Structure formats: C-alpha cells, structure tokens
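Quick note, the sequences are listed as chains A and B, same order. Positions 1 to 336 (UniProt numbering) are the ones given, in order, by the first sequence. Positions 1 to 435 (UniProt numbering) are the ones given, in order, by the second sequence. Just so it is clear, CB atoms sit at the ideal spot from N, CA and C, and this is done for glycine as well. Just so we're clear, the structure is a prediction, and the values are computed from it rather than from any experiment.
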Amino acid sequence: MADIKKEHQLIVSVSPHIKSEETTSRIMWSVNASLLPAVVMGAYFFGPRAVFTVAISIITAVLSEYIFQKALKRKIAVNDGSAFLTGLLLGMNLPPSVPFYIPVIGSFVAVVITKQLFGGLGFNVFNPALIGRAFLLISFPKLMTIWKEPTAAFVQLDAKTTATPLGILKEEGLSKLMEVFGDKINLYTQLLVGHRAGSIGETSSIALLIGAAFLLYRGYISWHIPVSFLGTAAIIAWIFGAKGTLFAGDPIVHLLSGGMLLGAFFMATDYVTCPSVKKGQILFGIGCGFLTMLIRLKGGYPEGVMFAILIMNCFSPLIDRGFKTKVFGARKEGNK
Amino acid sequence: MATATFKGGIHPPDKKELSKDKNILPTKPPKRVVIPLVQHIGAPCKLAVSVGQEVKKGDVVGTPEGFVSAPVHSSVSGKVIAIGDFPLATGRMVTSVVIENNNREEWTSLKDNPDYIKLSPDELKAKVRDAGIVGMGGAAFPAHVKLSPPKEKPVDVVILNGAECEPYLTADYRLMIERTQEVVEGLKILMKILGVNKGFIGIENNKPDAIEIMKNAVSGEPNIQVCELEVKYPQGAEKMLIKATIGREVPPRGLPMDVGVVVHNIGTAVAIYEAARYGKPLIERVVTVTGEGIKEPKNLMVKIGTLVSDLIEECGGFKSDAAKVISGGPMMGFAMYSLEVPVTKGTSGILVLPEEDIVHTDGFGPCIRCGRCIDICPMGLMPSMLSVLSEKGFYEETKDYNLFDCFECGSCTYVCPSKRPIVQLIRLAKSLVKP
Numbered sequence: 001m002a003d004i005k006k007e008h009q010l011i012v013s014v015s016p017h018i019k020s021e022e023t024t025s026r027i028m029w030s031v032n033a034s035l036l037p038a039v040v041m042g043a044y045f046f047g048p049r050a051v052f053t054v055a056i057s058i059i060t061a062v063l064s065e066y067i068f069q070k071a072l073k074r075k076i077a078v079n080d081g082s083a084f085l086t087g088l089l090l091g092m093n094l095p096p097s098v099p100f101y102i103p104v105i106g107s108f109v110a111v112v113i114t115k116q117l118f119g120g121l122g123f124n125v126f127n128p129a130l131i132g133r134a135f136l137l138i139s140f141p142k143l144m145t146i147w148k149e150p151t152a153a154f155v156q157l158d159a160k161t162t163a164t165p166l167g168i169l170k171e172e173g174l175s176k177l178m179e180v181f182g183d184k185i186n187l188y189t190q191l192l193v194g195h196r197a198g199s200i201g202e203t204s205s206i207a208l209l210i211g212a213a214f215l216l217y218r219g220y221i222s223w224h225i226p227v228s229f230l231g232t233a234a235i236i237a238w239i240f241g242a243k244g245t246l247f248a249g250d251p252i253v254h255l256l257s258g259g260m261l262l263g264a265f266f267m268a269t270d271y272v273t274c275p276s277v278k279k280g281q282i283l284f285g286i287g288c289g290f291l292t293m294l295i296r297l298k299g300g301y302p303e304g305v306m307f308a309i310l311i312m313n314c315f316s317p318l319i320d321r322g323f324k325t326k327v328f329g330a331r332k333e334g335n336k
Numbered sequence: 001m002a003t004a005t006f007k008g009g010i011h012p013p014d015k016k017e018l019s020k021d022k023n024i025l026p027t028k029p030p031k032r033v034v035i036p037l038v039q040h041i042g043a044p045c046k047l048a049v050s051v052g053q054e055v056k057k058g059d060v061v062g063t064p065e066g067f068v069s070a071p072v073h074s075s076v077s078g079k080v081i082a083i084g085d086f087p088l089a090t091g092r093m094v095t096s097v098v099i100e101n102n103n104r105e106e107w108t109s110l111k112d113n114p115d116y117i118k119l120s121p122d123e124l125k126a127k128v129r130d131a132g133i134v135g136m137g138g139a140a141f142p143a144h145v146k147l148s149p150p151k152e153k154p155v156d157v158v159i160l161n162g163a164e165c166e167p168y169l170t171a172d173y174r175l176m177i178e179r180t181q182e183v184v185e186g187l188k189i190l191m192k193i194l195g196v197n198k199g200f201i202g203i204e205n206n207k208p209d210a211i212e213i214m215k216n217a218v219s220g221e222p223n224i225q226v227c228e229l230e231v232k233y234p235q236g237a238e239k240m241l242i243k244a245t246i247g248r249e250v251p252p253r254g255l256p257m258d259v260g261v262v263v264h265n266i267g268t269a270v271a272i273y274e275a276a277r278y279g280k281p282l283i284e285r286v287v288t289v290t291g292e293g294i295k296e297p298k299n300l301m302v303k304i305g306t307l308v309s310d311l312i313e314e315c316g317g318f319k320s321d322a323a324k325v326i327s328g329g330p331m332m333g334f335a336m337y338s339l340e341v342p343v344t345k346g347t348s349g350i351l352v353l354p355e356e357d358i359v360h361t362d363g364f365g366p367c368i369r370c371g372r373c374i375d376i377c378p379m380g381l382m383p384s385m386l387s388v389l390s391e392k393g394f395y396e397e398t399k400d401y402n403l404f405d406c407f408e409c410g411s412c413t414y415v416c417p418s419k420r421p422i423v424q425l426i427r428l429a430k431s432l433v434k435p
C-alpha cells in the first residue's frame, strides 16, 4: 500500500507541471554580460575615469530602484538585473569625461522617473537608459558633448578633446574624416576596434558585435529589429549620405559610428519598450533606422539613434495592435 | 526527409527514456475497482446495476444518456459492493460503482468474428458505440460521435495520432511497437466506417523504431501512410497534427471534420479493433506509470477502475522524495491530492515527480513583454496580452485577443521567464465571459 502519510503531503498545483529554466533575471544578467566586451574596450581606450563613470551609473541605478521600492513598500526586485542593466547602458552612453554627478542624475531619471513611476519593470513606455541620456543631453548639452581622444593607455588621465567621427562627418564631410583617419581601410579598422572618440561603450564595434552574437545565439534577441534597423539606416546612408549626389554615401561608416550598433542590438531590442510581435518589430526597426538617418543627415545633432528609438518606443503599443497575430486557421478560411 | 510540423510549439525534455523500453505488462488483479459513470466528455451515464448485484467482465454498469455519451462496463467479474460519489483525478466527484473482484475473470459473452471487416459501416460503428470507446489521448470524447460526421461535412482523411507529444508518456509508443497490426487494423476499420481511402499515422521522430515498424506494417497498404513529425509539444493536438500531416488548417473554433478529417488516438484504434472483432468493450487500457519519483517506471495494461494507489504499489512504490502525482502528462495533466482515484478511459499516464522537479509557482513577476509566448503559441494567439488583461480584470477585452481559441496546452506558461501563470489567467477569463 502506498504510504498514507506521504499521501497527505502530495503537492497539488495546476498544469503545466514543468517549466523552462529561463527566468527574467537570467535574461537580464546575460544581457549585462554580453555588454562586458564593449565596456572593457571602453575602459581600455578611455581610462579609469570611464570605468568610474559606468560604475557610478550602475550603483545609482540599483540604489535608486532599491530605495524607491523600499519607500513604496513594493517587492524589492533589484536582483533581477534590470536596474543594473539600465545603469550599465546609461554609463556606456555617456562621454568618458563627464563629472560624476552626471551619471547620478541620469540614473535617477532613468530608473525612478522613467521606470518606477510607470509601475516598474514591464510597465515603462520608454527605454529608461535612453530617457536618462536624453535628459542629460538636453539639460547639460556642453558636458554631454565633450569627447575625448581615445588613448589606448589606461594610465593616461587627461586625454585631448576631439570630435566624434559623426561630428566630423556632419560638419566637414567624408573627405575630412578620411584625412583624420588616413585611408578608408584604416577608418573602417579603427571604427571596428573602437579607436575613436565617442561614448564609453559605443566605440568598439567588434566588442558590440561579439555581445550581440551571444544574445542572438542564446535567443535573447532576434534578428528582426537589428537587421531592419541597420538595413534601413544603411540603405538611406548609401542613397542620401553624400552631399549633392545620390547613391554615393558610405553606409559602413554610418553603421560603425555613433551609437548605431549599441542602439540596434542592445537598446531598440529592449523587450519592454519594443513591439512583441515579430512582424511589428520589423516595422519598428525600419522606423528606428529611418529616424536615425533623418536626424543624422538633416537634424541638428550628429547622432540620431537615441531620439529615433525613443520616438519609436511611443509607437510600440500601436504597432502591436496593428500587427496582432493571426489565429491558427484564420488565414485560409475553409481551406481544404 | 524533412519532418512535418506546425508553427510555434516548445521543446521540453521528453524524458521518455524512463519507460520507453518497458513492455506492456498486465497489472495484478485489483481487489476492487471503482468505476465512475462519467468517463467521457458529454452526458453522464445512467446507473444500470445495484448494490449486491453480481457482474461479469464486460457487463454494462452505466448506460449512455444522449448521443454524446458512452456506456461504461465492469472491468472485473465480481459483486457490486457500493455505489456512491468518488473523486476523479481532476478532483470532481462523480457517481461510481465499486465492484469487488472475485478474480474469476468471467467474461460476458464475447464472440470472435475474424470477418469483422465485412460488416457494414453502420454495424461497425454500433460496435464502437456499444463498446463505450472514447478518445484515449486524454480528452475522452466519445469515439462514435466523431465517426458520425454530418452530410454537409464529408470526411476524406483519417489520421491516427501517434505523436504522444507529452513528455514522459510512452503508452501509445508501446502499443505501436507491440501491437502494430492491431493499430493498423483499427485504422482500417475507421476508414471503412467513414468511407475514406486516405489514412495517415503521425508519429514524432523521437520514436524512430515505432516509425519504422509502422512503416513496415503498412507497406502493403497503398492507402495508409506513416508521417514523421518533428518532436515538439503540442504536436499531438488535433489541429497541429492535421496541419503537420496533411497541411490543412482547421478554422478557428472549427472541428477537424470542417476540413474533412477525423483524428483518433493510437490506443483508441486498438480498442476499436478489439470491439469490432470480438465485441470487447473498453475495460482496460495502457497506462504509463513513470517519473523520477517512482521506483520502477512501467507500462501497464490496467483495468478501468483500478486505483492509482494500486499502480504505485505495482511499480515498487514511491521514492522517498516523491512529491507530486499527476494523472496524465506534465503539460496538461492533473495533480492529484489523493491516490484513491480510479484509472479511467482517459488516463494515459501516472507521473510521479520528485521534490526537486516541482516548480513552485508562488510569486511571479510582471510581464516583460519578451514575446516568447507569442512566438510559441501554436494557435497564433497573444498569451501575454490575454494574461495581462485577465490579471487586470479586463475579462471582456480578452475576447479581442481570441480568448476562446486557446486550448490550454500550457506552452506559454512553460516558456514564460517571469513564471507568470498565463494559462491559468486565461482559464479564469474563459470562466468569466461568454464566448
């Protein structure tokens, strides 16, 4: 006879009785890990100051989430890795030499105002890190656009200020950019490696692509947003990128400079703020690519990724509505 | 050859290795059986015996009331010792007949008719109905109802469901291996009743030997084809199976017969063969008793009404860390609070999970809109939206997201990284709004 005592201890719960091992925090920490190569390259090129900036950004983000949740007696969920990720992304999106109060303000705006006030993880409309950065860029325009020459020497604290490749491209054109970097091959190589001025975590294309490959391989992101985003941007850059003539722009320079890769793989793909239906994600990516290039080529900023993604974030709910999935069997009514 | 499938679905570990090599063995004769009068979807049966009455194996103890109903028979010879309400694995209380087994195995009259295939479709259908055969994959829909399609819905294909996509279960697999010819005969009877000349047997390709054996068995049957299916849950869901095997899509809220198809389970086919040839009623079935929490996983031929506690004992009892006992598979089965529950016609497996495999669902996170559930929903729904709307109390709005097309396979809940009880929230919404 089966053990009677045991019987009273049987666990009764509803199906399904098995679950996948994937958890929200595992996803978030994996994304954090995937950004590591880019952060390491940023630290290598921009020195300890860059590391501190990222660290402060992360610490403020996690702390402000903790304090906010504690104060409102919400469940403390800082170990899910999402606040850490917001802090990390914000830090990576800052110039290497900002004063330390800048990441503090940015992280607070990102985590408390953009995310927690909307209800916390899953309920925010905008990508928190990008709102944090947009707030800083608009409030502290000078500080947020002082770019340092990469030194590739970890000890050197005071690097020269310089313009970013996109800044040069916008103000003085492709020929000047060539002049600065020597030739085309060297330009591409430096952009790939990350030996150029820019935000801490956006410069090394190779490092970002390694992280992106990891996320794609693990299925944490899909190709839909990055491919449509980058594809659209590349096509527009090729067609309208050169002044005065069509189909003469350099799409590779555009893809590898500014925050294009960081934005396309790590920020536009943010689950909460992008559409969840794959077809809609393609439209979302196209929108991001289009707006990025519109701002880069016609707008007042050399860079457009941040505003492009934020604007497209507004459309995510609408896109999900428009691209509602089709029920199985509904397509071919009465098929036989 | 590329294996057939449908869009979406999940890949849980199949765990079939625990029991797949275990031959189907008869259980020890149970001391008593508890035979519920409701073992099918549809109207309950009317009691046909009284306390104290002697019955033989195959005697009717409950007669069907209504078209969507199926008679129930005694699975032992013996004496009716009690009639009363007993729980099913789902927890539902139903009137049941308790019969004490006299171990004499006396049958009510059975006749071997080797020429059964010459019977008319109506005669064969009557045999299926009288034998009380229901779908043995779990849903327990009376078989003869599926065999009576209305005139305006002509059926041209019969598909046998050998997918057995629920992890752990191996009952249908063993039947295909051990009783191959009976499976084929069952399919031929189904084709004869429905007057169709296209039969398919869909089998997931994690059962390569079953595929090979079945292929050999039908090599001389030009009208029957074995279809290799991708290993994927819920490949055995009727609509998914039809899509994978012959590419037809059953319309939303439609039935397989809307696209000219009737689907039956492997076990059902064997039961139909036995009913057609011998007039044998459905009084026993194969049950896989398995899981990491049971000492000796087995495939057993079990008399309907045998208590789960008897089966656990038959399999050497629990391991010390056994924590949850499930009737059916891990995806759609029911956790039981008591082991004094009878095996019914729809019981495909008893799964014992140890403590370490138990997923504790208390405390789930917010939806992070990752879209995993949308990507895998075999019905093309947006489970995330359904769950969020239901959670917030917007039950009516769930209908905009095709609430009633969900057949509760649980794939969404399996993949959700926030461990949200998505399918439970969908069930809640279903119970609160009208279609």
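Start-to-end residues for the beta strand (DSSP E) that takes in residue i
| i | result |
| --- | --- |
| F200 of chain B | 199-204 |
| D85 of chain B | 78-87 |
| G121 of chain B | The question names Gly, but residue 121 of chain B in the sequence shown is Pro. Counting along the chain, P121 of chain B falls outside any beta strand (DSSP E), though it belongs to the alpha helix (DSSP H) covering 121-130. |
| S327 of chain B | 322-327 |
| N299 of chain B | 298-303 |
| R32 of chain B | 32-36 |
| V60 of chain B | 60-63 |
| I24 of chain B | 24-26 |
Beta-carbon gap between residue i and residue j smaller than 9 Å
| i | j | result |
| --- | --- | --- |
| I133 of chain B | T268 of chain B | yes |
| K207 of chain B | K20 of chain B | yes |
| L282 of chain B | K345 of chain B | yes |
| V263 of chain B | I358 of chain B | no |
| V72 of chain B | Q39 of chain B | yes |
| E221 of chain B | K192 of chain B | no |
| Y401 of chain B | M385 of chain B | yes |
| P229 of chain B | L241 of chain B | In the sequence as presented, Pro is not what sits at residue 229 of chain B; that position holds Leu. The answer is yes: Cβ separation under 9 Å. |
| I246 of chain B | F318 of chain B | no |
| D321 of chain B | P297 of chain B | no |
Three-state secondary structure (DSSP) of residue i
| i | result |
| --- | --- |
| R285 of chain B | strand |
| residue 441 of chain B | Absent from the structure is residue 441 of chain B, since the part of chain B shown begins at 1 and ends at 435. |
| K188 of chain B | helix |
| W223 of chain A | coil |
| T162 of chain A | strand |
| P103 of chain A | helix |
| G91 of chain A | helix |
| V98 of chain A | coil |
| P142 of chain B | strand |
| T95 of chain B | strand |
| K332 of chain A | At K332 of chain A, the pLDDT of 48 sits below 50, so the modelled position is not reliable; the number obtained from the coordinates is stated separately. Coil, per DSSP. |
| A335 of chain B | strand |
Alpha helix (DSSP H) segment containing residue i, residue limits
| i | result |
| --- | --- |
| E105 of chain B | E105 of chain B -> no alpha helix (DSSP H), and no H or E assigned at all. |
| R427 of chain B | 422-432 |
| P317 of chain A | 305-322 |
| L283 of chain A | 278-298 |
| L130 of chain A | 128-139 |
Local Cβ density within 10 Å of residue i, reported as buried at 16 or more and exposed below that
| i | result |
| --- | --- |
| M257 of chain B | buried |
| N103 of chain B | exposed |
| M1 of chain A | A caution first: M1 of chain A carries a pLDDT of 42, below 50, which makes its placement in the model unreliable, though a value can still be read off. It is exposed - the Cβ of M1 of chain A has fewer than 16 other Cβ atoms within 10 Å. |
| I81 of chain B | exposed |
| G334 of chain A | Confidence is the limiting factor: at G334 of chain A the pLDDT is only 43, short of 50, which leaves the residue's position unreliable, though a coordinate-based value still follows. With fewer than 16 other Cβ atoms within 10 Å, it is exposed. |
| P226 of chain A | buried |
| Y217 of chain A | exposed |
| P13 of chain B | exposed |
| residue 338 of chain A | No statement about residue 338 of chain A is possible, as the shown extent of chain A runs from 1 to 336 and does not include it. |
| H360 of chain B | exposed |
Cβ-heavy atom distance, residue i to the ligand FAD, below 8 Å
| i | result |
| --- | --- |
| D209 of chain B | No copy of the ligand FAD occurs in the structure displayed, which carries no ligand at all. |
Inset, instruction - Note down, one range per segment and in chain order, each beta strand (DSSP E) of at least 3 residues found wholly within the stretch 192-275 of chain B. - result: If we require 3 residues or more, the beta strand (DSSP E) runs fully inside the stretch 192-275 of chain B come out as 199-204, 224-229, 261-265.
Legend entry - Every unbroken beta strand (DSSP E) within the stretch 32-56 of chain A, with a cutoff of 3 residues, ordered by chain: DSSP runs (the beta strand (DSSP E)) wholly in the stretch 32-56 of chain A: none.
Inset, instruction - Could you name each continuous alpha helix (DSSP H) segment of 4 residues or more that falls completely within the stretch 224-261 of chain A, going from the start of the chain to the end? - result: Whole alpha helix (DSSP H) segments, 4+ residues: 224-240, 251-256.
Inset, instruction - Could you pull out every unbroken beta strand (DSSP E) segment of at least 3 residues lying fully inside the stretch 344-398 of chain B, listed in chain order? - result: The stretch 344-398 of chain B contains these whole beta strand (DSSP E) runs: 349-354.
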